[in-house]
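A short worksheet on the structure shown next.
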Amino acid sequence: MPDPVPDDPARLLAAVLDRAAELVHRHPRRAERLAVWVDRRAVPDAARAVRARARYVRAQILTERGELDGALRLIADARALWAEDGHALAALRTDLGRMHVLDDLGRHQEAIDVGEHLVTGLEELCVAGADEEPRYLRAHAVKNLGVAYGLVGRHVEALQAYARATAEYAALGKHHETALPLANTGLELLALGRPGEALVAFDQAIEIFEDADDLSFAAQCRGDAAQAHRQLGQVGEALRLLEQARDTLDRLGAATEAVRLRLALAQTHLAVGLWGEARDAASSAATDAARSGLRHDEARARFLLSLCDLAEDRCAPALDELAAARDLFVEVDDRQHLARVALARAEALFRSGRREQARDLAERCVADLEEGGWQVPMVSARLLQADLADDPVEAEARLAGVADLVTRLDLPELSYEHALRTARLLRSRGALDLAVAQLARALAELERAAGALPDYALLTSFRTHRTQAHGELVEVLLERAGPHDVESASRIADDVRARTLADLLARAAGKGPVLAAAGRSLGEAFAELSEQYLAEESGASAHTRQRTQELERRVSSLRTRHLAGVPLPDGSPDQPASRGVQVPTLAYHVSGDDLLVFVHRDDGVLVRRLPAAVGRLHRLLDDLDDQWSRAAIAATHGRVGSAGLARSARATLRALHGLLVEPVEETLVDLGPRLCVVPDGEMGTVPFPALFDGEGHLFERWTITLAPSLLPAGAPVLAVPPAPRVTIVAVPDEDAPGAAGEAHAVGEHHPGAVLLEGLDATVGAFTKSVPGADVVHVACHGLHQPLNPLFSRLRLHDRWMPSAEIVQLDLADALVVLSACQSGTHGRHREPVGLAWAFLAAGAAGAVVCQWHVADAATATVMASLHSGLAAGLPADEALRSAQREAAASELHPYFWGAFALVASPVRGAHGVAGTAV
1220 MPDPVPDDPA
1230 RLLAAVLDRA
1240 AELVHRHPRR
1250 AERLAVWVDR
1260 RAVPDAARAV
1270 RARARYVRAQ
1280 ILTERGELDG
1290 ALRLIADARA
1300 LWAEDGHALA
1310 ALRTDLGRMH
1320 VLDDLGRHQE
1330 AIDVGEHLVT
1340 GLEELCVAGA
1350 DEEPRYLRAH
1360 AVKNLGVAYG
1370 LVGRHVEALQ
1380 AYARATAEYA
1390 ALGKHHETAL
1400 PLANTGLELL
1410 ALGRPGEALV
1420 AFDQAIEIFE
1430 DADDLSFAAQ
1440 CRGDAAQAHR
1450 QLGQVGEALR
1460 LLEQARDTLD
1470 RLGAATEAVR
1480 LRLALAQTHL
1490 AVGLWGEARD
1500 AASSAATDAA
1510 RSGLRHDEAR
1520 ARFLLSLCDL
1530 AEDRCAPALD
1540 ELAAARDLFV
1550 EVDDRQHLAR
1560 VALARAEALF
1570 RSGRREQARD
1580 LAERCVADLE
1590 EGGWQVPMVS
1600 ARLLQADLAD
1610 DPVEAEARLA
1620 GVADLVTRLD
1630 LPELSYEHAL
1640 RTARLLRSRG
1650 ALDLAVAQLA
1660 RALAELERAA
1670 GALPDYALLT
1680 SFRTHRTQAH
1690 GELVEVLLER
1700 AGPHDVESAS
1710 RIADDVRART
1720 LADLLARAAG
1730 KGPVLAAAGR
1740 SLGEAFAELS
1750 EQYLAEESGA
1760 SAHTRQRTQE
1770 LERRVSSLRT
1780 RHLAGVPLPD
1790 GSPDQPASRG
1800 VQVPTLAYHV
1810 SGDDLLVFVH
1820 RDDGVLVRRL
1830 PAAVGRLHRL
1840 LDDLDDQWSR
1850 AAIAATHGRV
1860 GSAGLARSAR
1870 ATLRALHGLL
1880 VEPVEETLVD
1890 LGPRLCVVPD
1900 GEMGTVPFPA
1910 LFDGEGHLFE
1920 RWTITLAPSL
1930 LPAGAPVLAV
1940 PPAPRVTIVA
1950 VPDEDAPGAA
1960 GEAHAVGEHH
1970 PGAVLLEGLD
1980 ATVGAFTKSV
1990 PGADVVHVAC
2000 HGLHQPLNPL
2010 FSRLRLHDRW
2020 MPSAEIVQLD
2030 LADALVVLSA
2040 CQSGTHGRHR
2050 EPVGLAWAFL
2060 AAGAAGAVVC
2070 QWHVADAATA
2080 TVMASLHSGL
2090 AAGLPADEAL
2100 RSAQREAAAS
2110 ELHPYFWGAF
2120 ALVASPVRGA
2130 HGVAGTAV
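Here is the structure:
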């Protein structure tokens, strides 16, 4: 193009508009400034075509920004100006932009009407002359028609339109124009449940967009490709693409596409079980979509919010959101999403006990989904029909009807759900071998998806909400009762308890970013959360707690985004079936309302079922909480050794012993002085050493160690070497005023210990002091966060240190002593995530923890006695037992000494008494 000269204003304006058009998708703000400048400089009567083009460019920018009503007005202005100036073809071209905006507004039928009318008009022009411009414009129109067809579920017509547009562009030599129909072909294939084929189309489109330097469309296409990877269970790759797309769209200020990207992020969070983070993303997308008039996107956001409610079994709110989403989808005539909404409604009705309504609705769903060719939701609908079936014959027919399709789609989530239901049906028929095979397949599909998750936090969340197949397989193996089935059942139960911890320790799972040193967004969000934790100390109102939870979810979401592009760890988890188990071990497993107790002995594994034990256990633990509260109140009035309160507590401890230990007591006779206990779920709060058999406490019969999973046979007893390297941290405050005195008492047993006290006990100093330590003693305030245990935390001098940071420590086989209240508390789910879990994940060989708040003086006494034993060369379990024995002998209430427990890591190396097998 010749350089414009100052005395050639028409050429100058045209050149500026050419530049603006080039910048629309790369630098929209600069493009808008140029287009507005041209619009203002053009002489009204003499430059109608220039003004028309300037307004059309401005309309494109407003569309990207989500200002759709303004975009339609500018498109109408451009059309009128071109028509007045005699540029009929240019006036027709504006219909392309009008179709785009109408689709964004959810007015898809109007877009189809405009498109079909435009194609008809262009057909006449193409026949009438040999000019390429009408053919080029027709290819655009056919491509836009494909978009509108797809949005109303006419996928076959959409694919035909994209194929025709691609062919016409190619015939015209417009290779770069084939990118959009290719990208849209990918979207249609995705809607039809063909993500593998969709990825091929997306990858081709991204390459062409990048060659053309079209950053906006390349980013949008990456967001779409992320959804294909999500369907395939490749969440790590989906996160990487979403983060790349987000960076570009934020830089371009593309608000409309940013809304859609948040919807994609919400879907990804849902896929891994991050319900709160998914809700936040969908809620903000719904608000922005409603503000911008993006009716279709608002409908999708409402639908995703309903799925968040369903995931948390909140059926009534889910049905309300589904009603709102349905009205919006009716308005935009999206038949596929209407069918999906109906399917979700059927699921909600089923869970609410309205079975017949759910059956009728599911039947209609299947018909609509089959007619539309939407295979993925159709499989889900068939699975729901199997759940709703009145008899096994009907259920089997439903499952068999989609078996081939499930195999052909090869999507981990669908394969898992289909195998799980098939196994249940086979079990009901007594075909146990086949049921075992199906459940093994379900677990393999689960781990296929888990293998694509880049770190422990995502793995923990993902696995927490997918434990059904493990539970089913445990029960089927026990029912089959083959020669090795009890041992296999115990291994399966163990796998669900601590698989992610095992992956971390085997370096088969990543640890994620260091929060305080992360990139700008995550680092700033974590700094704000740290300030919020400090603000809570002055008074935790409902508002401050809500704000804290919002910030925790924001940090979690940003942390997930930060993982984008992080390579999967090269390690592979230890396979527990290849090693023996430390004996004796009592490994508990919750199965419905029953408790299963696996007893590992030298001569094999036994199992005992405790029918209806779970409900009784919960009642006894509630009663125990009351006992501890009474003891704490009495202690504030100087009644530390109240005999009446102690008798009352022992009665509850006696009942717990009768429930949990007595039924298997005879299997533990003559099996040695040590006992390992592997609790399950909320059983982690049971004070096993303090359980009372009517004559004495359990620690008087055995030296007891707790573990998150089965410990390997022949593992060394956890002990510390002579002259150990010791780090002591003390942060006295209102909740732990005696921490400094405790630290000095502990230090007397370890000459040369590193002492971080008061002002010196910062997070940074603590992090630097622990590498190479044999013993780490932490005396401070601790707090368990039940809603998100990865944010359970310790109060150091400068700020709180959450579990997500503790995991990053280099503890290298150290013994950690957590003299902090709630340090032994963990989440209610199968994997016992909390402060102790975090220290084990950081490499600690074991952790002495406190399961509830205990008065400082009593804690200091037990801690001093513990370290006296360690310094004398006692293994950690014996040192703790000795300390508890001394406290009990002084007639202290069990509340004061029963809170402490040793939790051992399933993987230990250097620290241990060589050759001393437990």
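Per the working numbering, the sequence shown runs over residues 1220 to 2137.
By construction, the Cβ of each residue, glycine as well, lies at the ideal position given by its N, Cα and C atoms.
Taking the Cβ atom as the reference point for each residue, do residue i and residue j lie within a distance shorter than 9 Å?
i	j	result
W2071	Y2114	yes
L1929	V1883	no
G1316	A1358	no
H1684	A1868	no
E1976	A1962	yes
A2123	A2031	no
G1452	P1631	yes
L1875	V1905	yes
A1431	A1420	no
G1412	L1557	no
E1550	L1602	no
L2142	V1774	In this structure the chain extends from 1220 to 2137, so residue 2142 is not present and cannot be described.
P2008	V2052	yes
V1826	V1800	no
V1982	A2033	no
L1734	L1723	no
T1779	L1677	yes
V1946	D2096	Note that residue 1946 corresponds to Thr in the displayed sequence, not to Val. It is not a contact, given that the beta carbons lie outside the stated cut-off.
What is the DSSP secondary structure of residue i, reduced to helix, strand or coil?
i	result
D1841	helix
P2218	Outside the displayed span of the chain (1220 to 2137) sits residue 2218, for which this structure offers no information.
D1813	strand
T1981	coil
V2073	coil
Q1794	The pLDDT assigned to Q1794 is 45, lower than 50, so where the model puts this residue is not dependable, and the model offers no usable value.
G2053	strand
R1326	coil
T1924	strand
R1866	helix
P1951	coil
P1931	strand
P1228	helix
M1220	Low confidence applies here, because M1220 scores a pLDDT of 39, under 50, leaving its location unreliable and the question unanswered by this model.
Quick one: give me the first and last residue of the beta strand (DSSP E) that residue i is part of.
i	result
M2020	W2019 to P2021
L2034	L2034 to S2038
E1976	V1973 to E1976
F2119	F2119 to A2123
L2013	R2012 to R2014
Could you pull out every residue in the same chain whose Cβ sits closer than 6 Å to the Cβ of residue i, ignoring the five residues on either side in sequence?
i	result
A1457	A1445, H1448, R1449 and T1487
P1400	K1362, Y1381, A1384 and T1385
L1653	L1645
G1285	A1474, T1475 and S1511
Going along the chain, which residues of its own chain have a beta-carbon closer than 7 Å to the beta-carbon of residue i, five neighbours each way excluded?
i	result
R1267	L1300, E1303 and D1304
D1323	T1282, L1287, T1475 and L1513
A2083	A1964 and V1965
L1566	The sequence as given places Glu at residue 1566; Leu does not occur at that position. These residues qualify, in order along the chain: L1529 and L1603.
I'd like the span of the alpha helix (DSSP H) that includes residue i, first residue to last.
i	result
T1475	A1474 to V1491
A1382	H1374 to A1390
R1470	V1454 to L1471
If I measure Cβ to Cβ from residue i and keep anything under 8 Å in the same chain, skipping five residues before and after, which residues do I get?
i	result
S1776	L1484, H1488, L1493, E1496, D1499 and A1500
F2058	I2025, L2028, L2030, V2035, L2037 and A2066
A1261	L1232, V1269, R1270 and A1273
Is there a C-beta anywhere in chain D that falls below 9 Å from the one on residue i?
i	result
G1412	The structure shown contains no chain D; it holds only a single protein chain.
The segment 1837-1845 / the segment 1926-1946 touching (three or more Cβ pairs under 8 Å): These segments do not touch.
Do the segment 1524-1537 and the segment 1474-1494 make contact, defined as three or more Cβ pairs closer than 8 Å? Counting Cβ pairs under 8 Å, three or more are found: they touch.
Counting pairs of Cβ atoms below 8 Å between the segment 1424-1435 and the segment 1237-1250, do you hit three or more? Yes, they touch.
Segment contact, 8 Å Cβ cut-off, at least three pairs: the segment 1556-1572 with the segment 1580-1590: The segment 1556-1572 makes contact with the segment 1580-1590: 3 or more CB pairs, one atom from each, lie closer than 8 Å.
With a threshold of 8 Å, are at least 3 pairs of Cβ atoms found where one atom belongs to the segment 1679-1694 and the other to the segment 1653-1662? Contact between the segment 1679-1694 and the segment 1653-1662 is present, because at least three Cβ pairs lie under 8 Å.
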